[in-house]
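Number of protein chains: 2
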Amino acid sequence: MFRVTDRDEKTKARRGLLSTAHGDVETPLFMPVATQATVKAMRPEQVRDLGFEMVLSNAYHLWLRPGVEVVEAGGGLHSFMGWDGAILTDSGGYQVLSLGKDVKIAPEGARFRSHLDGASVFLTPELSIEIQGRLGADIAMTLDECLPYTAERDAVEASLRLTRDWAERCRESHRSGAQVLFGIIQGGMFADLRRWSAELTVQLDFAGYGIGGLSVGEPRSLTLELLEATLEHVPRDTPRYLMGVGDLAGIAEAVALGVDMFDSALPTRIARNGSAMVGTGRLNLKNARFATDGGPLDAECACYACRNFSCSYIHHLVMTKEILGFHLLTVHNLSKVSALVSELRTAISSGGVEELLRGLRLVDGAE
Amino acid sequence: MFRVTDRDEKTKARRGLLSTAHGDVETPLFMPVATQATVKAMRPEQVRDLGFEMVLSNAYHLWLRPGVEVVEAGGGLHSFMGWDGAILTDSGGYQVLSLGKDVKIAPEGARFRSHLDGASVFLTPELSIEIQGRLGADIAMTLDECLPYTAERDAVEASLRLTRDWAERCRESHRSGAQVLFGIIQGGMFADLRRWSAELTVQLDFAGYGIGGLSVGEPRSLTLELLEATLEHVPRDTPRYLMGVGDLAGIAEAVALGVDMFDSALPTRIARNGSAMVGTGRLNLKNARFATDGGPLDAECACYACRNFSCSYIHHLVMTKEILGFHLLTVHNLSKVSALVSELRTAISSGGVEELLRGLRLVDGAE
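In order, the protein sequences belong to chains A and B.
Residues 4 to 370 in the numbering used here are what the first sequence spells out, letter by letter.
Residues 4 to 370 in the numbering used here are what the second sequence spells out, letter by letter.
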């Protein structure tokens, strides 16, 4: 289901084609996050028009609300949310730990109270696979345990054994069909444990591999070091997905190391906080200096927001909490990510990834 | 600047063409409300695509934030907000009374504290005209005093004298140019005072006439009675604008009495509360019965929301407070108003307004 079509000469970057039940998608790719079955502040076709072919949605959130049966009755997630591109669902492992209350992890599964109504719920690897199957995702992820980046070696080791067992149970309960299943490699901040996790996961022979638990607060140099150590142990012909990375520099550097897929709520979340991605930095549109700035967010950008509206207007919309302001910043930020990913694909084919990376660093340091 | 092009045979409804500095607009017309220089949850061209040619914006709000000088520096309100259609601004009279704190009305003007930061501000008829001129509205409104509908006869009489004096000062300070000025007729719930206000205002010879202070809580039959009494005293060849009415039945009944223009925040405001206009009633999408309703909001409607999404999905979006939910309901509600106004125009030309009114009442009584 994955074919590498081009390789950059000087880096490990590669370009590829990922076949899904909802069409072939080009890699490297970025998935906007549609937590609640909507990319926040966007119409689905606007997401498509920005060049995105796959979005990520959350099994955890949709399981708790509106419920799998509702999405199923709506014809599955694609039909329910009006998105005819590909969808990857995450398994819920990350959300259980970050949102659930009174979380108790046991070999059988994770018991916790819902962040919505406090109801006691129990998520097992088998249930996660069932949920993702019934949602109709094109790519499902195994249920994993995500530890905070401060986790000690012993805790990480124990967690990896659990994640490995859960991965195996996910694989066993996953029905073959249009949906494929990706495993997830963890291992905290320990290069050797990352390698061990990669080996354990690859042994189970998944269609692709997520790399989780990176970019969670550690210094960038360590992220890249651990990422490189991990990727050495992932088969070259499988898609590699770096979970939760959505800043421009982070995407570009990881592509150069051989990553194919990304997701992150960052571009859409900071938009709703009033921030625009410019260069590899950010502008805070709440800043009073934008009140009378008649220029666009980004003179280099040709997105709908930059073509039609001034910083002054967007500042006003952000200060008055107008929905159009959040929409315009979301359009802009997603455009920036889409443009970068597209440039990376072109650069891979022309052998220019290193040069592109240098150019990105040059414009770093915006506000 | 206004020409009646067709009259319905059995009612007083008329169809016309209103010339503005931003193009000719057809009447009867409805103006979506762009309080903060944006029709909430909409892109400007989406408003245009729904068939609207004019929006209403608020001098009071834009004066306090972002400030007239900011809008002026942005090339005026049209350029600032990216709207190339016509704009009518209200004078601020209504907002002073409804939003201002410690409001003191004196012959010279209205002193109050800003609802934003408590700053003491003073709005005079001359200042309101200056603000609306600098914003660059196509149609400005005179500064008036709006009383609650419980106001006693004596209070209404005194208020009408003040509003008449303010109207005269507005007219005197209004510079002729591309912008035209409408007077506002008040008079509370008293038919004879409405007539008196109409006479006083018409004597000042405005380009058009707003009818304010109706549909503020009184029974519908009284609204129509007072409206009819007022309209008898407004010249037939001038545009008549019923301020603040945006429900479908209210628009249709007022058109039949000879009203040409409407504005109301109702369609967009109830959308953000989760309500869809259907028939001449409303559906509350928060209602649990929509959780599994796979049908559209309105089987009769061909809007973007009804063509692409189910009630079940919109219920989910409303429950999760997703921006797309507010956007879809706004699109739907504005579509319904646009469709009605368009049907009314056609019905006027074909002499079918009475029949259209009967049809509307038949589908009344939705939730």
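Idealized CB from N, CA, C, for every residue including glycine.
Tell whether a beta-carbon distance below 8 Å holds between residue i and residue j.
{"i": "A/L288", "j": "A/I317", "result": "yes"}
{"i": "B/L53", "j": "B/L337", "result": "yes"}
{"i": "A/V73", "j": "B/S313", "result": "no"}
{"i": "A/V71", "j": "A/L138", "result": "yes"}
{"i": "A/E228", "j": "A/A194", "result": "yes"}
{"i": "A/R68", "j": "A/P128", "result": "no"}
{"i": "A/A143", "j": "A/L150", "result": "no"}
{"i": "B/L327", "j": "A/R46", "result": "yes"}
{"i": "B/H335", "j": "B/C304", "result": "yes"}
{"i": "B/L184", "j": "B/T145", "result": "yes"}
{"i": "A/A375", "j": "A/L230", "result": "Residue 375 of chain A falls outside the range modelled here, since chain A spans only 4 to 370, and no answer is possible."}
{"i": "B/G191", "j": "B/Y152", "result": "yes"}
{"i": "A/K107", "j": "A/V356", "result": "no"}
{"i": "B/Q98", "j": "B/D141", "result": "no"}
{"i": "A/A76", "j": "B/T295", "result": "yes"}
{"i": "A/L360", "j": "A/A259", "result": "yes"}
Whole-angstrom Cβ separation of residue i and residue j, contact assumed at under 8 Å?
{"i": "A/I333", "j": "A/T271", "result": "According to the sequence displayed, residue 333 of chain A carries Thr and not Ile. That belief holds up - the Cβ atoms of A/T333 and A/T271 are roughly 5 Å apart, short of 8 Å."}
{"i": "B/I188", "j": "B/A201", "result": "5 Å"}
{"i": "B/G26", "j": "B/A89", "result": "6 Å"}
{"i": "B/D266", "j": "B/M246", "result": "6 Å"}
{"i": "A/R348", "j": "A/P31", "result": "6 Å"}
{"i": "B/D168", "j": "B/S94", "result": "Contact doesn't hold; Cβ gap of about 14 Å is too wide."}
{"i": "A/A40", "j": "A/L80", "result": "6 Å"}
Using 10 angstroms around the beta-carbon of residue i, count the other beta-carbons present and answer buried if the total reaches 16, otherwise exposed.
{"i": "A/D164", "result": "With the sequence shown as reference, residue 164 of chain A is identified as Arg, and Asp is not the correct amino acid for it. Burial call: exposed."}
{"i": "A/E235", "result": "exposed"}
{"i": "A/K43", "result": "buried"}
{"i": "A/E56", "result": "buried"}
{"i": "A/F115", "result": "buried"}
{"i": "A/P110", "result": "exposed"}
{"i": "B/K339", "result": "buried"}
{"i": "A/F293", "result": "buried"}
{"i": "A/T204", "result": "buried"}
{"i": "B/P222", "result": "exposed"}
{"i": "A/L59", "result": "buried"}
{"i": "B/Q206", "result": "exposed"}
{"i": "A/E48", "result": "exposed"}
{"i": "A/F125", "result": "exposed"}
{"i": "A/L365", "result": "Low confidence applies to A/L365: its pLDDT is 49, below 50, so where it sits in the model is not reliable enough to give any reading."}
{"i": "A/R275", "result": "buried"}
{"i": "A/R310", "result": "exposed"}
{"i": "A/E325", "result": "buried"}
{"i": "B/D87", "result": "exposed"}
{"i": "B/A122", "result": "exposed"}
Between the alpha carbons of residue i and residue j, how many angstroms are there, rounded?
{"i": "A/L20", "j": "A/V7", "result": "6 Å"}
{"i": "A/D367", "j": "A/G297", "result": "Confidence at A/D367 is low in this model, with a pLDDT of 43, below 50, so its placement is unreliable and the value that follows should be read with caution. About 23 Å."}
{"i": "B/E370", "j": "B/A252", "result": "Because the pLDDT at B/E370 is just 31, under 50, the model does not fix this residue reliably, and the value given afterwards should be weighed accordingly. The straight-line gap from Cα to Cα measures roughly 15 Å."}
{"i": "A/L196", "j": "A/L91", "result": "26 Å"}
{"i": "B/G216", "j": "A/G249", "result": "52 Å"}
{"i": "B/Y212", "j": "B/M264", "result": "10 Å"}
{"i": "A/D240", "j": "A/V262", "result": "12 Å"}
{"i": "A/A62", "j": "A/Q135", "result": "6 Å"}
{"i": "B/F83", "j": "B/A24", "result": "16 Å"}
{"i": "A/A350", "j": "A/K15", "result": "12 Å"}
{"i": "A/H177", "j": "A/L130", "result": "10 Å"}
{"i": "A/D105", "j": "B/G362", "result": "57 Å"}
{"i": "A/C306", "j": "B/R243", "result": "41 Å"}
{"i": "A/L320", "j": "A/G85", "result": "28 Å"}
{"i": "B/D208", "j": "B/R198", "result": "16 Å"}
{"i": "A/R10", "j": "A/V219", "result": "29 Å"}
{"i": "B/M4", "j": "B/S117", "result": "36 Å"}
{"i": "B/R174", "j": "B/T166", "result": "12 Å"}
Along the chain, where does the beta strand (DSSP E) containing residue i start, and where does it finish?
{"i": "B/L184", "result": "183-188"}
{"i": "B/S176", "result": "Premise fails: B/S176 lies in the alpha helix (DSSP H), 156-176, not in any beta strand (DSSP E)."}
{"i": "B/L100", "result": "Note, B/L100: premise wrong, no beta strand (DSSP E); alpha helix (DSSP H) at 96-102."}
{"i": "B/T233", "result": "Here B/T233 belongs to no beta strand (DSSP E); instead the alpha helix (DSSP H) covers 223-234."}
{"i": "B/G284", "result": "284-287"}
{"i": "B/P35", "result": "32-37"}
Where do the N-terminal and C-terminal ends of the alpha helix (DSSP H) with residue i fall, by residue?
{"i": "B/T349", "result": "326-353"}
{"i": "B/F265", "result": "No alpha helix (DSSP H) contains B/F265, which is instead part of the beta strand (DSSP E) from 264-267."}
{"i": "A/L80", "result": "80-84"}
{"i": "A/A113", "result": "Careful: A/A113 lies outside any alpha helix (DSSP H), inside the beta strand (DSSP E) at 113-116."}
The stretch 59-87 of chain B: which residues have C-beta closer than 7 Å to a C-beta of chain E, in chain order? Here chain E cannot be found, since the structure's protein chains are A and B.
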